[in-house]
Every structure is written in structure tokens, then in C-alpha cells.
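Have a look at the structure below before the remarks.
Protein chains in written order, with the numbering used here: chain A, -11 to 230; chain B, 32 to 300; chain C, 318 to 589.
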């Protein structure tokens, strides 16, 4: 369960091809890091996997089922694949707890009372036990991003997608968010991250994919990509960011 | 009183040729500026053309002017709304004839001549309301839904003469009153009799006159006066000329010529 | 008291100077208005016609009484305007092709009713529809006049709400959709609550305008404050009742507009 397979996925915005034929296997329990320069297609690829962007060609299979078929209702798929954004995107008119409750209440028909206890535990676990009833504008960036993760986890997704979730944070707040990811990793959550945190990717990823101009130019275990990259462009990119 | 006014008229007549009463008192020297409505309605002014002297008020204006020593070519017409007629500041007319009812409250703000017409008030309605059982007695009238032109003294008269059960609906002009009647929003409206006759015959599809409160009723008579600026020096000249028109029978003659016979409309009990 | 910096002393000097100038010029204007206007030759006449104490005292209670009608009409129109405006705003945002006619209708509706003078709509609907032969009480000018106001004002409110919807960043919609929420849940729980909150001040200004435009219903019969003032004007040949009516309107609308401005400023400073 929770296997996600991309076959020759293609996506263009107008005449501008952004994803140019990507194949990728995400096995259950795996953590995959997408690295690459801005505009290489990392974010778009994640959005395609969550069906926020319909793909032009190719297929995306979830447990062998083609979820990218044109005309298919994306809603049930999104309930199984959670996503966290760079800019948190919390709902500003709801408290942290209400943010987390909305989707399970509406999608799974759960009541507030039913949800309160398990969610309170999750807030506690991620160090936000005293922030549940705060509104987003009363929280720091790091706190908001952790709430956004809890909100996605509240749907108990099989796969989590993270789109550069530490890029908008002040440097001293990055650590607290990465800690949450470590926690999830330890729990065996299937995860795909677009990230600029190379140290983090090296430490935890099962597989690192280097994206360049809408293609996966090189992929492999972190040691291989970071220490002995085969491609010139990978080397050039890494020398710029490391 | 009668003797005095006659005397005044005689005096006026003798001096008319050289120096008249109105000399130096009009807006423009040697010209009498008379105001009417925009538009002016039948039978007060025919075809909205007062210059022709056709229609009751147009004819009265010319007769009055002649009596005051103005030739027909010395009469100029202008148009005002009610609000323009009562606004403070210099008036654009010497006299204003638009079926203005004389009331004590209005006389505090503007001057009126003596009455030149005393109107019966009539109940304008539609045939369907009559068929539905409305009749010419106050008890029956009370239960109707009433409308009136908000700018007329019909409003207080409604309360005084009929005291309807439901609050009346009020409108800006005759056209809106008849539109509301046509739409069935009001059953009846109170107008001066000549206006009511005209609206019933010409404007309404199935208009009917249910009855009239006679002109010579003792309470709340509706008398029309010529409106003038407060403290107008011309007022005594106008009144003197009017008095001689009445004495000579000329005013009655004009009324007979332009006002329809009103005897066909039943009196309201 | 801490000693001032050079900058602070300079600014304090500037402030004092500005205050003195403002006070002096305000005083000059007031003196001019209060002293000079009564010196004009027509002042006595104007005062007698517009600011007549006796007429004011006599008519003011009747005007207040008539104003109850304005408030009542406002009170039953306002919630219906809010509902219809919201429905139209949502209809204009429909993406489903099957509902395209509804969307088209919403667009035509807002275009037409925002393009017509209110008084014209009141005449057409207030006299026109009852003229079709509706029986009482369904031909009442109150019903159809109110409908005219509702139709006109809902079209403005719809546009304001729609601008609010469009002002909500797409990332909010994406976040909601990524959680697996349906399109309608996304609209109802995420977009609309934020959009409506954002346009409260703009809508308050519309409702202040509505309170004033209620007076237009007088054209088709109802005797509310404006008409009552007109009747008094006619009976007494005096405009003072209009001044009385204006004061009553202002007593309600000035606090309301100030409050709307206050909300708008608060929102602007919160967003910056």
C-alpha cells in the first residue's frame, strides 16, 4: 500500500514545458528528496503528484491505479496524499486546532470531540501543546509550518509531499521543522520532499533525485549523489549550494 | 366691504391710462410676468400653451392683466414647480397661478391674492372599485385605500373629510397617482373637481368619479389664490383687479367657459 | 524627563507651528461662515424658509415618526440583500459547465442592475409588476419597492463579495484542495469566511447608502420621512422639514460611515 509510480510524466504551462518526461518510484516507507535549482520543476512535480496540476501526458499510479486519468475526480486521491507548502497556507480565520480539524470533519465525517484528543496528542508531540487555540498570526513561522504539517497528517495520509517547507523560515526556526520530519521518518511515513537542505537530505533520504530542466538527471542513494555525482551539471549545482 | 372694493376698482379704472396701480411694482417695467406649471394641465391651461389664453387660469391671467392695465402683449409667461414658487429669494414671477390652495400656514411664507376659484373636492376612482361596492358616503370611503398628490392640500383634507382607516399613499404628481390606481395599489384619490374630471375622462382607462364634496362647504373650503412673494407690493393691485373682475361678472363668465358642468357628480353624504 | 534629541526638538517645533496654523485657519473659516452669511441680504428669507424654529418644532416629531418606516424598510431589505448578493457572487464563480446558464444570468443581472438608476428600477418594478394585475396584498408598493431596492443593492453587494473572493490568494484554495476538501467545502469554509470578512467595510458603506435610498420608495406611495417632509413643506410652504429630515438621516449615517472607515483603516494597517 502507498506505492506511487510516475511514468513519463509531462507538464507544460502554455508553451513552456516544465516537466519533460519523469519516471519515479516511491515505495512505501521511503523518503525521497528532490533537489535542483529553482525552476527545475521540483514544485510542479509535487503539485502533479497531489493532482493540483493535471498532467499533460504520462501516468501516475497509486497502488497500481491510474489516478492521473483525465476527468477523474481528484478529491479521494488528495485525501490519501498530504501536502505541505513553502508558505504554510494556514487558514487565517481558524485557530491551529480548527485548521487541523476541518478536513477530517468534512471528509471523514468525524466530530470535533472525536478529533480533539488525537489531535491534541499530535500538537503535544510536535511541541505545540500550548498553541492549539492560537490563530496563525499569533504563531511564529516555524510554529505555523508545524501546524500545517499536523493539518495534513490529520487526514492520516499514506504519502506526504513537502514543498520546500523550510525555505521561508528564518534560519533559527528551520531546525524545529526538520525535527518534525525526522519524527515522521522514524514512524515510517512515506515522504517526498523538494528541499534545499542538503545536509538533511543526506542524513535521512533513501533516494535523492537531481532535477534539471524538467528531467531527473541523476538519482541514487544520497552518498552517491552528494559524493560521486556522475553528471557535470549535478556537480556544478552541488558546488554552488554546498 | 363690497362697496369699498368697488370704490377701489373705480378709482383704479380712472387712473389706469397714465399711471396704474402696478407701475413700478412688477419684475420688469411694463410687463406682468405670470407663472404656471410645467407642464400645465387641462382645463387650467389648454395644450400646455398659456400664451394662447385658452384654459381657465390662462384666461383669468389675461383678464386680470387687462384690468391692471397690461395689454396682452405685456404678459410674459414663465414656469415654476411648487418648490420654486416657495423658495426664498427673489421670485421669477409677479403672480403664480397653479391651483394653489390658500392656507394660513402658507400665508406665513408667501402672499396669496383673494381667491379666484373655489373648488369642489372630488373622489377619483375606477369603475371596478365602484362595482366592488364603494359608494358616495363617508362610511364607505373610509375603508378604501387612498392616494393623493403630496404637494396639494388634498392630504390634510383626506384626514379632515374622510379620515381613512389605512394610511394614504402619497405621490409626486397626477401621473404617479393614476399609475398607482391603474396598478390597483390605491382605490381612490382626492383631487379638485376639474382635475378629477380630466383624469377620469382622459388619463384613466376605467376612471370614475364617485362623488364630490361641494365647493361651498362651510368647513375646509379649497380656494385657489395667486401666489406672490411675501410682502408683494403688487398684491393690492391684483386684489383690486380681481374684485372688479368678480363684480363685472367677467370671472364667472371665464369659469363658465372653461370649467365643465359639475352637477353630474353626486354629493358625498 | 529625558532630554530631547535635536531631531525631537525640531519635530516638536514643527508640530506646534502646524497646530497653530490649523487652528487659525479653522477659526477664520468659522468666523467667516457664522458672521458673514447672516450679513447677506437674503439671509433672513433663507432662515425663515430653511431654518424656521417654529416649523421645525412642529414637524420634527412627525418626521421622527415617519423615519420608523425608513428603518423598517431597511431592516427587512438588508438581510435579503446580503443573502441574494452572496448567492449571486457564488453563482458568478461557478466553474461547472452545466451551471453556465446560472453564471451567465448572474453576470447579466449584476451588469443590468448596477447600470440603472435606483429610482428607475423602483418605478418600473413598483408600478410595473403590480400593474400586471396582481391582487391585494401582493401588489403592495412596499413589497415591490423593497424588491427593487433589494435587486439593485444585491448587485452591488455581489460585486463587492466577488472582489473579496478574488482577493483571497490561490494558495488558500490550493491548501484546502490538497487536504481533499471538495470545491464547495473549500468555498464555504475557507474562501468565503475570509472574503466576507475582508469586504465588511465596503459593504457597510453600501448599507449606509441603502439607508438613504430607502427614501426613494416614497416615489411610489409609502409615506416615509422624505415624503412626510415634502407634505409638511407643501402645507407650510417651508423647507425646514427637509432640514429636519436631513438631521435625522445624519444622526444615523455619520456614525455608521465613521465606523466603516474605522474598520477599513484597521484592516489596511493589519494587512501592511
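Note that the Cβ used here is the ideal one computed from N, Cα and C, for glycine as well. Since the structure is predicted, the reported quantities are computational estimates derived from the model, not experimental observations.
Name the chain C residues that come within less than 8 Å of residue i, Cβ to Cβ?
i	result
residue 81 of chain B	Those do not exist, as residue 81 of chain B stays about 23 Å from chain C at its closest Cβ, beyond 8 Å.
residue 137 of chain B	552, 553, 554
residue 143 of chain A	496, 497
For residue i, go through chain B and note every residue whose CB falls closer than 9 Å to its CB, in chain order.
i	result
residue 456 of chain C	214, 215, 216
Quick check on the DSSP output: the alpha helix (DSSP H) that includes residue i runs from which residue to which?
i	result
residue 460 of chain C	458 to 484
residue 206 of chain A	Element bounds for residue 206 of chain A: not the alpha helix (DSSP H) but the beta strand (DSSP E), 203 to 208.
residue 177 of chain B	First-last for residue 177 of chain B: 177 to 180, but that is the beta strand (DSSP E), not the alpha helix (DSSP H).
residue 98 of chain B	87 to 99
residue 160 of chain B	158 to 162
residue 74 of chain A	Run containing residue 74 of chain A: none; DSSP gives neither H nor E here.
residue 236 of chain B	Run containing residue 236 of chain B: none; DSSP gives neither H nor E here.
residue 547 of chain C	542 to 553
residue 530 of chain C	517 to 530
residue 75 of chain B	Residue 75 of chain B -> no alpha helix (DSSP H), and no H or E assigned at all.
residue 102 of chain A	100 to 113
Determine the extent of the beta strand (DSSP E) in which residue i is found, giving its start and end residues.
i	result
residue 50 of chain A	45 to 50
residue 58 of chain B	First-last for residue 58 of chain B: undefined, no H or E at that position.
residue 327 of chain C	No beta strand (DSSP E) holds residue 327 of chain C; the alpha helix (DSSP H) holding it covers 323 to 348.
residue 150 of chain B	148 to 150
residue 200 of chain A	195 to 200
residue 505 of chain C	Looking at the DSSP string, residue 505 of chain C is not in any beta strand (DSSP E), and its letter there is neither H nor E.
residue -4 of chain A	-8 to 1
residue 270 of chain A	Any question about residue 270 of chain A goes unanswered here, given that chain A covers just -11 to 230.
residue 212 of chain B	Taken as a continuous stretch (DSSP letters only), residue 212 of chain B belongs to no beta strand (DSSP E), being part of the alpha helix (DSSP H) at 205 to 213.
residue 223 of chain B	219 to 223
residue 453 of chain C	From DSSP, residue 453 of chain C is part of no beta strand (DSSP E); its letter is neither H nor E.
residue 32 of chain A	Where residue 32 of chain A is concerned, there is no enclosing beta strand (DSSP E), although the alpha helix (DSSP H) it sits in stretches over 30 to 37.
Am I right that residue i and residue j are in contact with their C-beta atoms under 8 Å? What's the rounded C-beta distance?
i	j	result
residue 266 of chain B	residue 132 of chain B	Not a contact, Cβ separation roughly 17 Å.
residue 254 of chain B	residue 298 of chain B	Residue 254 of chain B to residue 298 of chain B, Cβ: 19 Å. No contact.
residue 200 of chain B	residue 538 of chain C	3 Å
residue 542 of chain C	residue 383 of chain C	4 Å
residue 130 of chain B	residue 75 of chain B	6 Å
residue 148 of chain A	residue 91 of chain A	Their Cβ separation, rounded to whole angstroms, is 14 Å, which puts residue 148 of chain A and residue 91 of chain A out of contact at 8 Å.
residue 98 of chain B	residue 210 of chain B	In fact, because the Cβ distance is near 40 Å, the residues do not count as touching under 8 Å.
residue 141 of chain A	residue 70 of chain A	6 Å
Is it the case that the Cβ atoms of residue i and residue j are separated by a distance below 7 Å?
i	j	result
residue 275 of chain B	residue 142 of chain B	no
residue 51 of chain A	residue -9 of chain A	yes
residue 199 of chain A	residue 34 of chain A	no
residue 173 of chain B	residue 195 of chain B	yes
residue 27 of chain B	residue 153 of chain B	The displayed coordinates of chain B run from 32 to 300. Any statement about residue 27 of chain B would go beyond what the structure contains.
residue 198 of chain B	residue 221 of chain B	no
residue 84 of chain A	residue 122 of chain A	yes
residue 438 of chain C	residue 474 of chain C	no
residue 96 of chain B	residue 156 of chain B	no
residue 30 of chain A	residue 182 of chain A	yes
residue 65 of chain B	residue 103 of chain B	no
residue 78 of chain A	residue 165 of chain A	no
residue 180 of chain A	residue 137 of chain A	no
residue 206 of chain A	residue 218 of chain A	yes
residue 179 of chain B	residue 241 of chain B	no
residue 465 of chain C	residue 443 of chain C	yes
residue 61 of chain B	residue 105 of chain B	yes
Any beta carbon of chain E sitting closer than 7 Å to that of residue i?
i	result
residue 63 of chain A	The structure shown contains no chain E; its protein chains are A, B and C.
So residue i contacts chain C; which residues on that side make the cut at Cβ distance below 7 Å?
i	result
residue 69 of chain B	By Cβ distance, chain C contributes nothing, its closest Cβ being about 17 Å from residue 69 of chain B, past 7 Å.
residue 40 of chain A	491, 494, 495
residue 198 of chain B	540
residue 114 of chain A	Per Cβ cutoff of 7 Å: no residues; residue 114 of chain A is ~18 Å from chain C at best.
For a contact meaning CB atoms closer than 9 Å, what does residue i contact in chain A?
i	result
residue 295 of chain C	The structure shown has nothing for residue 295 of chain C, since chain C only spans 318 to 589.
Quick one: list the residues of chain A neighbouring residue i, beta-carbon separation under 7 Å, in chain order.
i	result
residue 452 of chain C	Those within 7 Å of residue 452 of chain C in chain A number zero; the least Cβ separation is about 47 Å.
residue 502 of chain C	94
residue 584 of chain C	Per Cβ cutoff of 7 Å: no residues; residue 584 of chain C is ~13 Å from chain A at best.
Mind listing the chain B neighbours of residue i? Cutoff is C-beta to C-beta under 7 Å, in chain order.
i	result
residue 548 of chain C	181, 186, 201
residue 531 of chain C	Result: empty, since nearest Cβ-Cβ is about 16 Å, beyond 7 Å.
Can you pull the chain C neighbours of residue i, defined as C-beta to C-beta under 9 Å?
i	result
residue 194 of chain B	Near residue 194 of chain B there are no residues of chain C at all, since even the closest Cβ is about 16 Å away, more than 9 Å.
residue 134 of chain B	552, 553, 554
Mind listing the chain B neighbours of residue i? Cutoff is C-beta to C-beta under 8 Å, in chain order.
i	result
residue 363 of chain C	119, 120
residue 418 of chain C	Ordered by position in chain B, no residue passes the 8 Å Cβ test against residue 418 of chain C, which lies about 32 Å from the chain.
Uninterrupted alpha helix (DSSP H) stretches inside the region 241 to 284 of chain B (no shorter than 4 residues): 266 to 278
List, from N- to C-terminal side, the beta strand (DSSP E) runs of 3 residues or more that fit wholly inside the region 134 to 172 of chain A. 147 to 151
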